[in-house]
Amino acid sequence: MDYEALESDLENLDMKKGTQTRQFIYETLTKGLPSISPKFADMRNIREGSAEWAIWAELIRDAAKQVGTREDLLPDLKDASENPFMFKLTISRTPRMKTQAIADEVANIYKYDDNGNLEYPNAYATSAESGSRAFISIYKGTKIDMISLADMYASSTDAQKFVRDPKNEMPVVIGTTGDGKVEYVDLLKAPAIVVSGEPRSGKSWIVKLILNQMCAYMSPNDLHLYIGDPKNQISEYANYNLPHVRRKEYTVDSVIDMLRYLVNTEAPRRKNIMRQYGYVNVLEFRRDHPEVAFPFLYVVLDEMMSLANAMGKEDAREYRELIERFVSEFPALGMRAIFIPHRVKNDVIPKSVSELISVRIT
1237 MDYEALESDL
1247 ENLDMKKGTQ
1257 TRQFIYETLT
1267 KGLPSISPKF
1277 ADMRNIREGS
1287 AEWAIWAELI
1297 RDAAKQVGTR
1307 EDLLPDLKDA
1317 SENPFMFKLT
1327 ISRTPRMKTQ
1337 AIADEVANIY
1347 KYDDNGNLEY
1357 PNAYATSAES
1367 GSRAFISIYK
1377 GTKIDMISLA
1387 DMYASSTDAQ
1397 KFVRDPKNEM
1407 PVVIGTTGDG
1417 KVEYVDLLKA
1427 PAIVVSGEPR
1437 SGKSWIVKLI
1447 LNQMCAYMSP
1457 NDLHLYIGDP
1467 KNQISEYANY
1477 NLPHVRRKEY
1487 TVDSVIDMLR
1497 YLVNTEAPRR
1507 KNIMRQYGYV
1517 NVLEFRRDHP
1527 EVAFPFLYVV
1537 LDEMMSLANA
1547 MGKEDAREYR
1557 ELIERFVSEF
1567 PALGMRAIFI
1577 PHRVKNDVIP
1587 KSVSELISVR
1597 IT
């Protein structure tokens, strides 16, 4: 995904001072975004009678045999289509047919190449039945890299409407599902998000895409970013210098110090301000008192495995307490978190914290 294009648009944006409509901001920011695969979710029909059709027809019958279907009750392929994410197969439905078992066997066969090598380890299947037909979806389980933000906007009118609606204060397109459906969320309704994945799987790119969208629709007066990435100056965020960024730390000790400051100084300051005005909810407070400077604050923690592994017992205990308070206590104060671990494990993100996080991207 192309976070650089959106970041460039943000840095070079020439807007007149004053209130701009969401529609105007959307059009201004998206007009320069590159399109790479605008029809990425479109289904390609597999032509009946083609060699590809014959392969799938035989695979369906072979899978049915493996789960115990009688020869005279083997299903026939009726329709087939594909996109980069999945295959959709329609088959005839025979008496007492074990549709899901057949679907699982099809996915299992699809995982391996002709030489028995595991090619698609994450492939899986779902199924449905209706009358004389059954429907099988084979999800390839592969990552699709060549999709831009512009492509996702183009693919989903619902996403466009969501982003343009000013009622959604921080609208963010977060990616696609296993079948290519564009997913989006108003991040202000989520106390925290997790972006997980193996090293070099593109987590930081996805996070930057999310951050850039956040910054596109919130001014530096309304959104502050605190970034912790203990990779020193090789950090992906070393040159990430949008005006919303208030602090960046690159060592384990300095990241912990930043968390201490946010938890022990900034959170009490915010709580006192809201108490003085008689509020307990940040959204209501900001709505009723726009004259008070009270920006949303997001802490971004990358390389969480490195953080956890580099700490002694006492520091690790304090670290877990700090991030638990961030997720459980501080969202009402406008303080949120974006966590970026390799895997969601208890020693990296405590279970008591991960259970509170509803937005997860892998």
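Residues 1237 to 1598, numbered by my numbering, are exactly what the sequence shown covers, in order.
Note that beta-carbon positions come from the ideal geometry of N, C-alpha and C, so glycine has one too.
Assigned secondary structure, residue i (DSSP; H/G/I helix, E/B strand, else coil)
i, result
"residue 1445", "helix"
"residue 1455", "coil"
"residue 1276", "coil"
"residue 1233", "Because the chain here runs from 1237 to 1598, residue 1233 falls outside it and cannot be looked at."
"residue 1340", "helix"
"residue 1365", "strand"
"residue 1319", "coil"
"residue 1324", "strand"
"residue 1345", "helix"
"residue 1461", "strand"
"residue 1374", "strand"
"residue 1379", "coil"
"residue 1332", "coil"
"residue 1412", "strand"
"residue 1269", "coil"
"residue 1303", "coil"
"residue 1592", "coil"
"residue 1400", "helix"
"residue 1627", "Beyond the ends of the chain as shown, which are 1237 and 1598, falls residue 1627; an answer cannot be given."
"residue 1418", "strand"
"residue 1239", "At residue 1239, the pLDDT of 48 sits below 50, so the modelled position is not reliable and the matter cannot be decided from this model."
"residue 1360", "strand"
"residue 1528", "coil"
"residue 1605", "The chain is shown from 1237 up to 1598; residue 1605 falls before or after that span and cannot be answered."
"residue 1538", "strand"
"residue 1431", "strand"
"residue 1509", "helix"
"residue 1467", "coil"
"residue 1545", "helix"
Contact belief for residue i with residue j at Cβ below 8 Å, rounded distance in angstroms
i, j, result
"residue 1333", "residue 1311", "7 Å"
"residue 1576", "residue 1540", "6 Å"
"residue 1330", "residue 1369", "Not a contact, Cβ separation roughly 11 Å."
"residue 1317", "residue 1282", "6 Å"
"residue 1589", "residue 1546", "Actually they are not in contact, since the Cβ atoms of residue 1589 and residue 1546 sit about 19 Å apart, beyond 8 Å."
"residue 1538", "residue 1392", "In fact, because the Cβ distance is near 28 Å, the residues do not count as touching under 8 Å."
"residue 1414", "residue 1322", "7 Å"
"residue 1313", "residue 1293", "4 Å"
"residue 1592", "residue 1466", "Actually they are not in contact, since the Cβ atoms of residue 1592 and residue 1466 sit about 24 Å apart, beyond 8 Å."
Status (buried if at least 16 other CB within 10 Å, exposed otherwise) for residue i
i, result
"residue 1305", "buried"
"residue 1525", "exposed"
"residue 1260", "exposed"
"residue 1402", "exposed"
"residue 1335", "buried"
"residue 1270", "exposed"
"residue 1268", "exposed"
"residue 1385", "buried"
"residue 1496", "exposed"
"residue 1475", "exposed"
"residue 1446", "buried"
"residue 1364", "exposed"
"residue 1449", "buried"
"residue 1296", "buried"
"residue 1290", "exposed"
"residue 1287", "exposed"
"residue 1351", "exposed"
"residue 1404", "buried"
"residue 1548", "exposed"
"residue 1237", "Because the pLDDT at residue 1237 is just 44, under 50, the model does not fix this residue reliably, and the value given afterwards should be weighed accordingly. Per the 10 Å Cβ criterion, buried."
"residue 1397", "exposed"
"residue 1275", "exposed"
"residue 1366", "exposed"
Distance CB(residue i)-CB(residue j) smaller than 9 Å
i, j, result
"residue 1498", "residue 1461", "no"
"residue 1339", "residue 1361", "yes"
"residue 1571", "residue 1502", "yes"
"residue 1595", "residue 1426", "yes"
"residue 1342", "residue 1299", "yes"
"residue 1473", "residue 1444", "yes"
"residue 1509", "residue 1481", "no"
"residue 1387", "residue 1273", "yes"
"residue 1478", "residue 1504", "no"
"residue 1530", "residue 1511", "no"
"residue 1324", "residue 1383", "no"
"residue 1416", "residue 1277", "yes"
"residue 1399", "residue 1280", "no"
"residue 1585", "residue 1559", "yes"
Cutoff 9 Å: residue i Cβ touching any chain D Cβ
i, result
"residue 1313", "Although the question refers to chain D, the structure presented lacks it and comprises just one protein chain."
Examine the Cβ distances between the segment 1370-1388 and the segment 1256-1264 and report whether three or more of them are shorter than 8 Å.
no
Any contact between the segment 1417-1433 and the segment 1565-1576? By contact I mean 3 or more CB pairs, one from each, below 8 Å.
yes
Contact between the segment 1554-1561 and the segment 1504-1517 is defined here as three or more beta-carbon pairs at a separation below 8 Å; is this criterion met?
no
Are at least three pairs of beta-carbons, each pair with one atom in the segment 1403-1411 and one in the segment 1336-1354, less than 8 Å apart?
no
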